[in-house]
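As structure tokens, the structure follows; a few thoughts come after it.
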Amino acid sequence: MRIIKKLEIKLILKMLSIVLCTNSFAETNHLPLVPLPSVIDYTNGNGWSGGVGFKVESAAAFYGSNHYEIYIKPEGAVQWRNGDNIIFWEGFDLNYTELGWRGLIKEKWLLEVGARHEIVIPSSRSEKAGIDQLTHRGSHILGFFETKYSIGNGWENWVSGRFMGGSNKYGWQAKVEAGHSFGRRLDNNGVEVILFSIFGNKDNLNNYFGVSEFDSTASGLQPINLEGGYRSSGLNIIYRQSMSKHIQIIAKAGIELYSGEIEKSDLVGDASETSAEISVVWAF
Numbered sequence: 383m384r385i386i387k388k389l390e391i392k393l394i395l396k397m398l399s400i401v402l403c404t405n406s407f408a409e410t411n412h413l414p415l416v417p418l419p420s421v422i423d424y425t426n427g428n429g430w431s432g433g434v435g436f437k438v439e440s441a442a443a444f445y446g447s448n449h450y451e452i453y454i455k456p457e458g459a460v461q462w463r464n465g466d467n468i469i470f471w472e473g474f475d476l477n478y479t480e481l482g483w484r485g486l487i488k489e490k491w492l493l494e495v496g497a498r499h500e501i502v503i504p505s506s507r508s509e510k511a512g513i514d515q516l517t518h519r520g521s522h523i524l525g526f527f528e529t530k531y532s533i534g535n536g537w538e539n540w541v542s543g544r545f546m547g548g549s550n551k552y553g554w555q556a557k558v559e560a561g562h563s564f565g566r567r568l569d570n571n572g573v574e575v576i577l578f579s580i581f582g583n584k585d586n587l588n589n590y591f592g593v594s595e596f597d598s599t600a601s602g603l604q605p606i607n608l609e610g611g612y613r614s615s616g617l618n619i620i621y622r623q624s625m626s627k628h629i630q631i632i633a634k635a636g637i638e639l640y641s642g643e644i645e646k647s648d649l650v651g652d653a654s655e656t657s658a659e660i661s662v663v664w665a666f
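Here the sequence shown is numbered in the numbering used here, starting from 383 and rising by one per residue.
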């Protein structure tokens with residue numbers, strides 16, 4: 383698994399070199415709400431659109447795990463657009479799928495609101511990571527609200543905030559981001575670099591990283607009850623390119639650095655967690 387992680391780090395460095403060498407990209411007639419590779423947008427005018435494909439992903443078995451695996455998952459979205467508004471279903475993998483609305487307000491504000499499904503720690507993945515008898519952490523239906531703001535014109539630089547909340551078992555989570563998109567263009571092709579930090583309340587952090595007395599007895603892990611607050615910071619790099627009218631390739635790589643308090647949990651095997659994925663999508 384160390385080999386996989388080293389390969390992911392090399393991919394991150396390679397994508398950074400692409401960023402530094404990128405000056406411009408060819409313009410196309412595809413006009414999304416905002417020209418950001420990180421925002422999924424297959425629309426080309428009003429009406430229905432979407433994309434379907436697959437992705438190959440290298441990621442930790444669960445957040446904090448030092449056990450990495452290669453996954454092949456479905457990828458895609460269905461979207462309906464009317465002017466500066468999009469109704470969407472994004473993410474064909476059951477985990478992290480989202481249904482919601484996205485709208486552009488006065489050219490500088492991008493708002494999103496909707497519902498999301500997320501599985502925190504599936505028991506099957508914790509077993510693969512060598513942790514037996516850990517209670518399944520549950521499947522959560524979450525509500526989310528996100529706002530992005532363009533600094534200057536053209537969405538070359540932006541900041542955002544995202545809030546997610548669910549049942550008392552999940553609690554709430556907040557994420558703040560700052561991004562830079564390379565190359566001034568109208569479509570969402572190109573390279574984007576995003577810095578982020580994540581915060582959560584007590585319920586949220588313990589849902590991901592806490593170990594109750596019951597879980598400790600069953601799994602042998604040391605019990606820990608985390609306080610709410612700062613979770614982590616990290617870097618994501620996204621590259622999106624239209625290979626033809628209908629085919630898009632999306633590559634992502636990222637690293638997340640956990641706080642000292644989170645590191646104390648036996649569920650966290652490494653202070654840093656990397657991920658990498660590549661997707662091929664047929665847009666329609």
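Ideal placement from N, C-alpha and C gives every residue a C-beta, glycine not left out.
(request) Give me the Cα-Cα distance between Ile-629 and Ala-511, rounded to the nearest whole angstrom. (result) Rounded to whole angstroms, Ile-629 and Ala-511 show a C-alpha spacing of 35 Å.
(message) Restricting to runs no shorter than 4 residues, where is the alpha helix (DSSP H) found entirely within the segment 621-654?
(response) Listed in chain order, the complete alpha helix (DSSP H) runs (minimum 4 residues) inside the segment 621-654 are 642-645.
(message) By the three-class DSSP mapping on this structure, what secondary structure does Ser-505 have?
(response) Here Ser-505 carries a helix assignment [DSSP, helix/strand/coil].
(request) Assign Thr-599 to one of two classes, buried (16 or more other C-beta atoms within 10 Å of its C-beta) or exposed (fewer than that). (result) By the 10 Å Cβ count, Thr-599 comes out exposed.
(message) Let's test the definition: count the other Cβ atoms within 10 Å of the Cβ of Asp-514 and tell me whether it reaches 16, buried, or not, exposed.
(response) Exposed: under 16 other Cβ atoms inside 10 Å.
(request) Tell me, to the nearest whole angstrom, how far the beta carbon of Met-614 is from that of Ile-644; I am working on the premise that it is less than 8 Å. (result) Here residue 614 is Ser; the residue named in the question, Met, does not match the sequence. Yes, they are in contact, since the Cβ atoms of Ser-614 and Ile-644 sit about 7 Å apart, within 8 Å.
(request) Kindly indicate which residue of Trp-664, Asp-569, Glu-655 has the alpha-carbon position closest to the one of Tyr-445. (result) Checked all of Trp-664, Asp-569, Glu-655; the closest Cα to Tyr-445 is Glu-655.
(message) Going by beta-carbon coordinates alone, are Arg-484 and Gly-429 separated by less than 9 Å?
(response) Cβ distance not < 9 Å, so Arg-484 and Gly-429 don't count as in contact.
(request) Answer yes or no: do Val-421 and Leu-524 have a C-beta to C-beta separation smaller than 9 Å? (result) It is not a contact, given that the beta carbons lie outside the stated cut-off.
(request) Rounded to whole angstroms, what's the CA-CA distance from His-518 to Asn-588? Just pull it up for me. (result) Inter-residue distance for His-518 and Asn-588 is about 13 Å (C-alpha atoms, whole angstroms).
(request) Would you give the residue range spanned by the alpha helix (DSSP H) that Ser-598 belongs to? (result) Taken as a continuous stretch (DSSP letters only), the alpha helix (DSSP H) holding Ser-598 covers 595-601.
(request) Inspect the beta-carbon positions of Pro-456 and Phe-436 and report whether they are closer than 9 Å. (result) Yes, the Cβ-Cβ distance between Pro-456 and Phe-436 is below 9 Å.
(message) Mapping the DSSP letters down to three states, classify Phe-666 as helix, strand or coil.
(response) DSSP places Phe-666 outside both helix and strand once states are collapsed to three, so it counts as coil.
(message) Quick check on this structure: which residue in Gly-642, Val-438, Ile-660 has the alpha carbon closest to the alpha carbon of Ala-653?
(response) Its Cα nearest to that of Ala-653, the residue Gly-642 stands out among Gly-642, Val-438, Ile-660.
(request) Leaving out five residues on either side along the sequence, give the residues of the same chain with a beta carbon under 6 Å from the beta carbon of Gly-548. (result) Residues His-522, Leu-524 of the same chain have their beta carbon placed closer than 6 Å to that of Gly-548, with the five preceding and five following residues left out of the count.
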